[in-house]
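Asks:
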Amino acid sequence: MALPDFSPIAEAFSRTANKYDAFAEDHPHLARLRQIVYAQVEHFVPKGGRILELNAGSGIDAIELARRGFYLHATDIAPGMLARAQDKINRLGLQEMVTLQECSFTNLEQIQGAPYDAVFSNLGGLNCIPDLRPVIQQLPSVLKQSGIVCWTVMPRFCLWELAEVFRGHPRLALRRLRRYGTQANLEGLSFRVYYFTPRQVIQWFGNHYRVLALQGLAVFTPTAESKNFAKRHPHLYHALAWLEDHLAHRPPWWGLGDFFTLTLRYCP
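Residue 407 in this note's numbering is what sits at position 90 of the sequence shown, and the numbering runs on without skipping anything.
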């Protein structure tokens, strides 16, 4: 399979590194989503474990997991994002806990320090490739036996986006259903984004991986793009979050959010 040209993505995210961090600040809803993902990592990866992070961006997740006692080798293709991450690491004195490498998830043979206790990717960084099998096929070269894979991926169905059809936004409502992905634009650059169902991703992993956990994120609560909903409607938000906490780990809800987080164990 021919791989996409990732250079526009690298340049776009390099340009937006500062804005990316600003968007994440004072964002209680996004913070809640991240906490759910961190809980998955903490539950299945031994404290002190070594984690390879794909699509680390500006290092938000790597730094938080380091604070929780993990060692991170964080990778990304955007030099601007990695520069931003390195500044934070230096400022916080986390050089012994977090290392960085400019590397695509399609070139895991270049990864330094393998094998790792876990391979981690958060908030849809893997959705810029039409098929995850080229990535999955490389995991045995970087993952220990009985190691953990914890990926947060954007699914093909999102209830909050589908509801946009009633607000007169059919293109937004149906964008995830397009067979060949949807065109995204960031900082004046265009690239395609692809969406996958949980069943599809699990099938791609095959028989050498055992599913440990699967949970939808932002199923009943708004999408991660909604920065102010939780602050403007706190009572409604907490009610929706309670509903999500009780249902999002069950079918069909685990595949109807803005993301789903999937955790597997490598069993060769």
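Glycine is no exception: its CB is placed at the ideal position from the N, C-alpha and C atoms.
Can you confirm whether the region 386 to 404 touches the region 498 to 506 when touching is taken to mean that 3 or more C-beta pairs between the two stretches lie within less than 8 Å?
Replies: Because the criterion of three Cβ pairs below 8 Å is not met, the region 498 to 506 and the region 386 to 404 do not touch.
Asks: As a quick exercise: from F577, E419, R488, pick the residue whose alpha carbon is nearest that of L531.
Replies: The residue you call residue 531 lines up with position 214 of the sequence shown. Out of F577, E419, R488, F577 has the C-alpha closest to the C-alpha of L531.
Asks: What separation, rounded to the nearest whole angstrom, lies between the Cα atoms of A329 and Y337?
Replies: As a first step, residue 329 must be located in the sequence shown, where it is residue number 12. As a first step, residue 337 must be located in the sequence shown, where it is residue number 20. Rounded to the nearest angstrom, the two C-alpha atoms are 11 Å apart.
Asks: How far does the beta strand (DSSP E) with S324 in it reach, from first residue to last?
Replies: The residue you call residue 324 lines up with position 7 of the sequence shown. First-last for S324: 324 to 332, but that is the alpha helix (DSSP H), not the beta strand (DSSP E).
Asks: DSSP puts H390 in a beta bridge; with which residues?
Replies: Position 73 of the sequence shown holds residue 390. In DSSP, H390 forms a bridge with L369, T416.
Asks: Is DSSP giving Q403 helix, strand or coil here?
Replies: Position 86 of the sequence shown, counting from 1, holds the residue named residue 403. Q403 falls in the helix class under three-state DSSP.
Asks: According to DSSP, is D395 part of a helix, a strand, or is it coil?
Replies: The residue given as residue 395 occupies position 78 in the sequence shown. First, the residue type needs correcting, since residue 395 is Ala and not Asp in the sequence shown. In this structure, A395 counts as coil in the three-state DSSP scheme.
Asks: Quick check on this structure: which residue in D378, S421, D562 has the alpha carbon closest to the alpha carbon of A402?
Replies: Taking the first residue of the sequence shown as 1, we reach residue 402 at position 85. When each option's Cα is compared against that of A402, the closest is D378.
Asks: Rounding to the nearest angstrom, what Cα-Cα distance links L564 and W570 in this structure?
Replies: Locating residue 564 in the sequence shown gives position 247, where the first residue counts as 1. Locating residue 570 in the sequence shown gives position 253, where the first residue counts as 1. The straight-line gap from Cα to Cα measures roughly 7 Å.
Asks: Is there contact between the region 552 to 559 and the region 434 to 452, where contact requires at least three CB pairs shorter than 8 Å?
Replies: Contact between the region 552 to 559 and the region 434 to 452 is absent, because fewer than three Cβ pairs lie under 8 Å.
Asks: Please list, in chain order, all residues of the same chain as A327 whose beta carbon is under 6 Å from its beta carbon, the five residues on each side excluded.
Replies: The sequence position of residue 327 within the sequence shown is 10, counting from 1. Here the set comprises I394, A395.
Asks: Look up S458 in the DSSP assignment and say whether it is helix, strand or coil.
Replies: Counted from its first residue, the sequence shown places residue 458 at position 141. S458 falls in the helix class under three-state DSSP.
Asks: From I465 to V452, what distance separates their C-alpha atoms?
Replies: On the sequence shown, residue 465 is found 148 positions in, with the first residue counted as 1. On the sequence shown, residue 452 is found 135 positions in, with the first residue counted as 1. For I465 and V452, the distance between alpha carbons rounds to 15 Å.
Asks: Give me, in chain order, the residues of the same chain whose beta-carbon lies closer than 7 Å to that of F537; leave out the 5 immediate sequence neighbours on both sides.
Replies: Along the sequence shown, one-based indexing puts residue 537 at 220. Around F537: L557, L560, E561.
Asks: Name the DSSP beta bridge partners of R385, please?
Replies: By one-based count along the sequence shown, residue 385 stands at place 68. Answer is none; R385 lacks a bridge partner.
Asks: DSSP state of L476, grouped into three classes?
Replies: Translated into the one-based positions of the sequence shown, residue 476 becomes position 159. Correct three-state label for L476: helix.
Asks: If contact is defined by three or more beta carbon pairs under 8 Å, each pair taking one atom from either stretch, is the region 413 to 433 in contact with the region 359 to 372?
Replies: As far as the Cβ criterion goes, the region 359 to 372 touches the region 413 to 433, which means the pair count is three or higher.
Asks: Who are the near neighbours of R332 in its chain, counting only those whose CB is closer than 7 Å to its CB and skipping five residues on each side?
Replies: Sequence index remark: in the sequence shown, residue 332 carries index 15 (1-based). So the qualifying residues of the chain are G397, E504.
Asks: Skipping 5 residues on each side, what residues in its chain have a beta carbon closer than 6 Å to that of A383?
Replies: Residue mapping note: residue 383 aligns to position 66 of the sequence shown, counting from 1. Contacts found: L389, L411, M414, V415.
Asks: For L529, which option in D343, K461, T580 has the closest C-alpha, if you only look at C-alpha atoms?
Replies: If you number the sequence shown from 1, residue 529 lands on position 212. Considering only alpha carbons, the answer is T580.
Asks: Which residue from W477, P585, E542, P568 puts its Cα closest to that of H344?
Replies: As a first step, residue 344 must be located in the sequence shown, where it is residue number 27. Cα-wise, what sits closest to H344 is E542.
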